[in-house]
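For the sequence shown, the working numbering assigns the number 8 to the initial residue and increments by one for each residue that follows.
Glycine included, C-beta positions come from ideal geometry on N, C-alpha and C.
What you are looking at is a predicted structure, and each value in this text was computed from that prediction instead of being measured.
First comes the structure, then the notes that go with it.
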Amino acid sequence: MIISKRRRWLLLAVVSAGLLLITLDNSILYAALPTLVEDLGASSSEGLWIINAYPVVMAGLLLGSGTLGDRVGHRRMFVIGLAVFGAASLVAAFSTSPEALIAARAFLAVGAAAMMPATLALIRVTFDDERERNMAIAVWGTMAVVGSALGPIISGILLQHFWWGSVFIINVPVVVAATAATLVLAPPNDPDPSKQWDLASSLLALVALV
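What follows is the structure, encoded as structure tokens:
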């Protein structure tokens with residue numbers, strides 16, 4: 008399938024926005040944690056899990072989700088990940104207890120783990136030219152660094168004007184726009200049913216990290 012240059016770079020912007028959300032949510036709670044711990048009456052250990060549930064669950068699921076993306080198609084996997092990420096963001100924003108927020112953060116991680124391998128895979132299937140592909144991967148990597156750095160900054164700005172749930176609400180419009188753009192721009196890549204998704208290994212990796 009021949010994809011125009013404009014469409015390729017627009018798709019790169021979309022998958023980069025997805026990666027930005029993933030890395031942003033890894034650091035965005037650093038500034039918000041004292042406020043939400045006070046509002047929710049969380050203990051110190053619950054505060055740690057509010058922060059750590061996201062990276063721990065995501066790391067445990069990444070390997071398996073990459074294989075699952077090969078099996079069902081990375082375009083579909085990215086859209087599913089976006090949907091889960093958006094829904095989890097809404098749940099997190101309106102959580103009324105530490106336990107609910109920890110569960111929502113773990114749910115966020117499921118969406119992030121589905122999205123992350125798909126972002127790079129979509130770049131691979133979209134950019135045929137090696138020079139363009141290398142440039143696209145460089146942009147992708149830069150967005151990961153930018154997202155981590157921007158998390159505490161954006162959190163601090165939002166907390167000056169809104170309640171702590173706003174650090175999750177900002178994900179929703181980006182998710183909606185990225186989902187619509189992906190359905191229009193991303194090439195349909197053929198699933199490979201021969202790829203075996205080892206659910207047991209994924210769960211064992213997750214348990215080991217926890």
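Within the same chain, Cβ atoms closer than 7 Å to the Cβ of Met65 are found at Ala116, Ala119 and Ala120, the five residues on either side in sequence being excluded.
Contact annotation: Ser50 and Gly158 have beta-carbon atoms that are not nearer than 8 Å. For Leu19 against Val146, the beta-carbon gap comes to about 6 Å, under 8 Å, which counts as contact. With fewer than 16 other beta carbons inside 10 angstroms of its own, Pro180 counts as exposed. For Thr133, the enclosing alpha helix (DSSP H) has its first and last residue at Pro105 to Thr133.
With fewer than 16 other CB atoms across the displayed protein chains lying within 10 angstroms of its CB, Thr149 is exposed. Here the C-alpha atom of Ile58 lies approximately 22 Å from the C-alpha atom of His168.
The three-state reading of DSSP puts Asp32 in helix, counting H, G and I together.
Membership of Pro194 in any alpha helix (DSSP H) is not indicated, and neither H nor E is assigned to it by DSSP.
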